[in-house]
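Heads up, the sequence shown is in our numbering, so the first residue is 6 and it goes up one at a time. Structure first, commentary second.
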Amino acid sequence: MSIYTISDLHLSFGTNKPMNIFKGWDNHIERLTANWKRLVKENDTVVLPGDFSWALKIEEALEDFKFIDSLPGKKVLLKGNHDLWWSTVKKIREFWQQNNISTFDIVFNNCVIADGFAIAGTRGWFYDEKGTAKIKMREAGRLDASLTAAEKTGMPILTFLHYPPVYADSVCEEILDVLKKHNVKKIYYGHIHGAGFNNAVYEYEGIKMTLVSCDCIDFTPYLLI
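See the structure below:
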């Protein structure tokens with residue numbers, strides 16, 4: 006059994022939001038599917054740290070869920086900034102159950118156990134724009150709750166964010182403080198695309214940071230364990 010991760014699938018089976026308008030995204034569904042089926046087995050786990058679907062409502066995301074549900078492995082989903090379909094965990098789980106979506110789980114103020122590891126994380130934030138202080142503190146609180154739940158399992162922890170806590174000269178101190186509080190030494194994140202790769206930060210104050218946006222890793226699930 007293995008654990009993989011890949012972020013920012015930006016699926017749009019139920020909406021009109023093609024990704025091939027962006028450089029490097031040609032045939033990304035076919036490439037993702039081929040690589041996923043080549044690597045991931047039914048007993049494996051794939052962590053999806055945000056920007057799963059362009060849907061605005063959860064009903065519009067149904068075909069996206071069906072597509073990934075049909076691929077091998079258990080999927081663990083975190084929220085991204087473009088996941089506007091996201092409502093409450095209760096409603097999401099009910100929607101999955103009603104539509105026979107059976108291979109998904111959620112990290113949101115909690116942790117998920119997979120193959121002897123506790124999967125923790127949150128969306129995060131890193132902008133210093135006016136009016137975001139409450140968002141950053143809320144996300145820091147969610148990360149703290151998730152890591153606390155993971156620590157209670159006594160299992161080794163894998164930590165995921167959607168936003169990088171550090172990007173170019175931008176630093177989200179609130180998120181970093183939580184990572185340091187819980188002695189996190191490695192995280193995996195998405196959100197960054199294209200030319201933004203040039204400003205990605207891969208280590209900061211002793212924390213290793215791995216960018217797993219799907220276009221950064223050639224639409225290939227990234228092996229963790």
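Just so it is clear, CB atoms sit at the ideal spot from N, CA and C, and this is done for glycine as well.
Residues in its own chain within less than 6 Å of V117 by CB, not counting five upstream and five downstream?
Closer than 6 Å at the Cβ level, and outside the excluded window around V117, lie V81, D110 and I124.
Among I180, T127, V171 and K191, which one has its Cα closest to the Cα of G55?
Comparing Cα-Cα distances from G55 to each of I180, T127, V171 and K191, the minimum goes to T127.
Starting from V94 and walking both ways along the alpha helix (DSSP H), at which residues does that stretch end?
Element bounds for V94: V94 to Q103.
Using the beta-carbon count (16 or more within 10 Å), is K24 buried or exposed?
The question names Lys, yet the displayed sequence has Met at residue 24. Answer is buried; the Cβ neighbour count reaches 16.
DSSP state of G201, grouped into three classes?
If DSSP states are grouped into helix, strand and coil, G201 belongs with the helices.
Would you report the Cα separation of L184 and H87, rounded to the nearest angstrom?
Their Cα atoms are separated by approximately 24 Å.
In three-state DSSP terms, what is E68?
Three-state result, E68: helix.
I'd like to check one pair, T108 with K71: are the Cβ atoms closer than 8 Å?
Not in contact: K71 and T108 (Cβ atoms no closer than 8 Å).
Thinking F57 and L89 are a contact (beta carbons under 8 Å), I'd like their distance in whole angstroms, please.
In fact, because the Cβ distance is near 11 Å, the residues do not count as touching under 8 Å.
How about the segment 137-157 and the segment 171-190: do they share at least three Cβ pairs that are nearer than 8 Å?
These segments touch.
Mind the definition here: the segment 155-165 touches the segment 32-44 only if three or more C-beta pairs lie below 8 Å; say whether that holds.
No, the segment 155-165 does not touch the segment 32-44.
Which whole-angstrom value describes the C-beta separation of S12 and G195, a residue pair presumed to lie in contact below a C-beta threshold of 8 Å?
Confirmed, about 3 Å.
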